[in-house]
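Undergrad: First, the structure itself, so that you have it in front of you.
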Amino acid sequence: MGMTSVNQAVIEALSEQIVTTYCDAGEPAEGKARRRLMDEVMHAIEGPVGTRTLAEQGPERVNAVLADWEAQEGRSFGLRLIEIDPGRTVVTMG
23 MGMTSVNQAV
33 IEALSEQIVT
43 TYCDAGEPAE
53 GKARRRLMDE
63 VMHAIEGPVG
73 TRTLAEQGPE
83 RVNAVLADWE
93 AQEGRSFGLR
103 LIEIDPGRTV
113 VTMG
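Counting from 23, one number per residue, gives the positions in the sequence shown under this note's numbering.
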């Protein structure tokens, strides 16, 4: 039984959705700050991970990125990723 990896298009779509939802709910991030956040979120969830691993470990990884990014940007927003559903390319934040 082989592990299926999540393709780059799904990673990009999920990352964009996470960053957009995060920025829409709080202070918007623009320019270099938004690009850095997008790059860090993509890095947190990309790689040879299967859809199950992404769903189970992705939120923890992304939440660490969001907390670090907030600290670097001097923000204290606190919105965190709750769920990733790579099969439907959907994220849930709260």
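Beta carbons are placed, not taken as given, at the ideal position from N, Cα and C, and that holds for glycine.
Output needed for Val-32: all residues of its chain with C-beta closer than 7 Å, excluding positions within five of it in sequence on either side, in chain order.
TA: So the qualifying residues of the chain are Pro-108 and Thr-111.
Undergrad: Do Ala-55 and Val-87 have their C-beta atoms closer together than 8 Å?
TA: No.
Undergrad: Is the separation between the beta-carbon of Val-71 and that of Ile-40 shorter than 8 Å?
TA: Going by C-beta atoms, Val-71 is not nearer than 8 Å to Ile-40.
Undergrad: By Cβ distance, which residues of its chain are closer than 7 Å to Pro-50, with the 5 residues on each side in sequence left out?
TA: Closer than 7 Å at the Cβ level, and outside the excluded window around Pro-50, lies no residue.
Undergrad: Quick one: using the 10 Å Cβ neighbour count with 16 as the cut-off for buried, is Ile-106 buried or exposed?
TA: Its Cβ being crowded by 16 or more others within 10 Å, Ile-106 is buried.
Undergrad: Rounding to the nearest angstrom, what Cα-Cα distance links Thr-73 and Leu-103 in this structure?
TA: The alpha-carbon atoms of Thr-73 and Leu-103 are separated by roughly 16 Å.
Undergrad: By alpha-carbon positions, which one of Gly-80, Thr-114, Arg-58 and Asp-46 ends up nearest to Gln-94?
TA: It is Arg-58 whose Cα lies nearest to the Cα of Gln-94.
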